[in-house]
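*Asks:* Residue 340 is where the sequence shown ends in the working numbering, and the numbering goes up by one at each step. Quick one: the structure is below, questions incoming.
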Amino acid sequence: MKAAILGTGSWGCAFGLQLASSWEKVVLWGIDPEQVASICTTRTNPDYLGEIVLPQNVHATGDLEECLSGAEAIFVVVPSQAVRDVIHRVASSPELAPGVPIVNLAKGFEVSTLKRISEVIADELQQARRTTGHPIGVLLGPSHAEEVALGLPTAIVLSGQEGYAWHQLQEKISGPSFRVYTNDDLVGVEIASGFKNVIALAVGMADGLGTGDNTRGTLMTRGIAELARMGEALGGRRETFFGLAGIGDMITTCISHHSRNRNFGEAVTQSQTDPQEMLGSRKQVVEGVFMTQAALKLSEKLGIELPVTKQVHDVLFSGKAPTQAVRELMERQLKTELE
Ligand SMILES: NC(=O)c1ccc[n+]([C@@H]2O[C@H](COP(=O)([O-])OP(=O)(O)OC[C@H]3O[C@@H](n4cnc5c(N)ncnc54)[C@H](O)[C@@H]3O)[C@@H](O)[C@H]2O)c1
């Protein structure tokens with residue numbers, strides 16, 4: 002069994018390591034020659050995964066055809082805004098064998114189209130007339146790369162288009178410390194996984210201001226309310242927002258020192274530099290910044306209120322002071338909790 006993993010960053014490498022215990026061959030494809038060379042020569046990817054050593058059956062290449070050739074499943078692990086370009090290349094490859102499932106692991110929406118990533122993949126396959134036989138799925142949930150790479154117990158959700166035996170892939174990617182659940186609510190799983198990063202930014206900002214644990218709990222809970230409001234309006238199921246991809250990933254991301262989104266929110270409150278400038282100097286992707294833009298645009302389109310999202314947006318994009326954002330949230334008109 003060969004797996005193709007697109008992306009040689011933190012999660013691509015950690016997921017590759019996880020698969021390597023049950024798949025004969027795992028091939029990572031990357032655009033960064035430094036990352037590829039490092040994996041090939043030292044079996045490590047220091048800037049992305051520290052000193053973790055990848056097993057011998059994990060290979061890296063800059064050649065997409067080599068990566069795709071003979072793969073039984075393709076896992077997409079690049080930043081969400083890059084998925085369209087990457088799938089465009091995959092869809093025009095002669096090495097893309099019929100029937101191979103394509104599974105997205107990136108968390109977010111495409112900001113320019115406001116589409117979920119599975120929709121972006123479907124678009125590109127359709128454009129290249131490769132629609133037949135490529136089931137599209139997602140593998141999302143609370144799964145910090147740093148912990149998965151250490152083999153710490155993790156549970157995650159596999160969801161995909163109807164008509165494919167996802168439970169068979171579930172068996173193939175599960176492991177003793179990597180428990181995969183299925184969930185047939187593809188829409189809900191994707192929305193939940195992307196949106197939690199917006200709330201992680203908010204919690205990080207609150208932590209940076211030192212507002213305490215009451216605020217953290219409030220932001221997470223009101224964040225779930227915003228997720229459920231937006232997610233249901235987009236066709237997701239409410240139960241999904243209270244599952245692993247929803248509240249599970251929200252809690253993990255908001256409380257973890259591994260979370261780039263939480264950490265970025267905190268850094269924003271402790272620096273005089275413009276958040277966009279700060280973002281430009283980061284090597285690793287901070288998905289929540291893009292998701293904040295997408296979520297706000299979606300809320301305007303759907304005519305629903307997302308007060309926390311709006312404040313995070315204004316801090317990131319309009320120069321609003323985080324203290325002012327907190328004040329405005331606290332001074333909103335009083336209402337019932339379940340509205
Ligand atoms: N890091 C985690 O713990 C984790 C866990 C679950 C899901 N995810 C999600 O997985 C996705 C990738 O995260 P990551 O942590 O691996 O990010 P990362 O920043 O560590 O790595 C991103 C990788 O994508 C590559 N890349 C960037 N732009 C590209 C492009 N245009 N074409 C091809 N490759 C490109 C980079 O070279 C790098 O190898 C994100 O959506 C993230 O939210 C991350």
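Where is the CB? At the ideal position from N, CA and C, for every residue including glycine. All figures in this text were calculated on a predicted structure; none of them were measured in a lab.
Beta-carbon distances below 6 angstroms to any heavy atom of ligand 3 define the shell here; list its residues in chain order, please.
*Replies:* The model depicted lacks ligand 3 and carries ligand 1 instead.
*Asks:* Do Ala-322 and Thr-310 have their C-beta atoms within less than 8 angstroms of each other?
*Replies:* It is not a contact, given that the beta carbons lie outside the stated cut-off.
*Asks:* Return helix, strand or coil for Phe-243, following the three-state DSSP convention.
*Replies:* Reduced to three states, the DSSP call for Phe-243 is coil.
*Asks:* So, at 8 angstroms on beta carbons, what are the nonlocal neighbours of Asp-64 in its own chain, with the 5 sequence-adjacent residues on each side left out?
*Replies:* Excluding sequence neighbours, Asp-64 sits near Trp-30.
*Asks:* Quickly, what does DSSP pair Thr-62 with across the bridge? List them, please.
*Replies:* DSSP output for Thr-62 lists Trp-30 as bridge partner(s).
*Asks:* Name, in chain order, the residues that DSSP records as bridge partners for Phe-76.
*Replies:* DSSP, once it has assigned bridges, lists Ile-6, Val-104 as partnering Phe-76.
*Asks:* Among Pro-154, Gly-134, Gln-57, which one has its Cα closest to the Cα of Gly-142?
*Replies:* Nearest C-alpha to Gly-142: Pro-154.
*Asks:* In the DSSP assignment, the alpha helix (DSSP H) including Gly-205 goes from what residue to what residue?
*Replies:* 187-210 is the span of the alpha helix (DSSP H), which, as asked, contains Gly-205.
*Asks:* Locate the beta strand (DSSP E) running through Leu-141, then write down its first and last residues.
*Replies:* It spans 137-141 - the beta strand (DSSP E) in which Leu-141 sits, taken as one unbroken run.
*Asks:* Exposed or buried, which one is Pro-99 when buried takes at least 16 other CB atoms within 10 Å?
*Replies:* That one is exposed.
*Asks:* Are at least three pairs of beta-carbons, each pair with one atom in the segment 45-55 and one in the segment 177-197, less than 8 angstroms apart?
*Replies:* Contact fails: fewer than three Cβ-Cβ distances are below 8 angstroms.
*Asks:* Could you check where the alpha helix (DSSP H) with Ile-256 kicks off and where it finishes?
*Replies:* Here the alpha helix (DSSP H) through Ile-256 covers 250-256.
*Asks:* Quick check: what's the CA-CA separation for Val-28 versus Thr-62?
*Replies:* Spanning the two alpha carbons is a distance of roughly 7 angstroms.
*Asks:* Whole angstroms is fine: what's the gap from Phe-110's alpha carbon to Met-251's?
*Replies:* Computed Cα separation, rounded: 16 angstroms.
*Asks:* Count Cβ pairs between the segment 79-89 and the segment 276-296 that sit closer than 8 angstroms; are there 3 or more?
*Replies:* As far as the Cβ criterion goes, the segment 79-89 touches the segment 276-296, which means the pair count is three or higher.
*Asks:* Classify Pro-102 as buried or exposed, calling it buried when 16 or more other Cβ atoms lie within 10 Å of its own Cβ.
*Replies:* The residue in question, Pro-102, is buried, as its Cβ has 16 or more Cβ neighbours within 10 Å.
*Asks:* My assumption, with CB atoms under 8 angstroms, is that Ala-193 sits in contact with Gly-247. Please give the rounded CB distance.
*Replies:* Going by Cβ atoms, the distance from Ala-193 to Gly-247 rounds to 4 angstroms, so yes, they are a contact pair.
*Asks:* Considering only the alpha carbon of each residue, which of Gln-325, Glu-96, Phe-242 lies closest to Thr-212?
*Replies:* Comparing Cα positions, the closest option is Gln-325.
*Asks:* Could you tell me how far apart the beta carbons of Leu-307 and Glu-227 are, in whole angstroms, since I believe they sit closer than 8 angstroms?
*Replies:* Confirmed, about 5 angstroms.
*Asks:* Using the Cβ count rule (16 or more neighbours within 10 Å means buried), how would you classify Asp-214?
*Replies:* Its Cβ having fewer than 16 others within 10 Å, Asp-214 is exposed.
*Asks:* Kindly list the residues whose CB is nearer than 7 angstroms to the CB of Ser-22, restricted to its own chain and excluding five residues on each side of it in sequence; keep chain order.
*Replies:* Excluding sequence neighbours, Ser-22 sits near Gly-176.
*Asks:* With the cut-off set at 8 angstroms, would you say Met-331 and Val-269 are in Cβ contact?
*Replies:* It is not a contact, given that the beta carbons lie outside the stated cut-off.
*Asks:* Using DSSP with H/G/I as helix, E/B as strand and the rest coil, what is Thr-274?
*Replies:* If DSSP states are grouped into helix, strand and coil, Thr-274 belongs with coil.
*Asks:* Name, in chain order, the residues that DSSP records as bridge partners for Leu-159.
*Replies:* Leu-140, Thr-183, per the DSSP bridge assignment.
*Asks:* Within 10 Å of its beta-carbon, does Gly-244 have 16 or more other beta-carbons around it, so buried, or fewer, so exposed?
*Replies:* So Gly-244 counts as buried.
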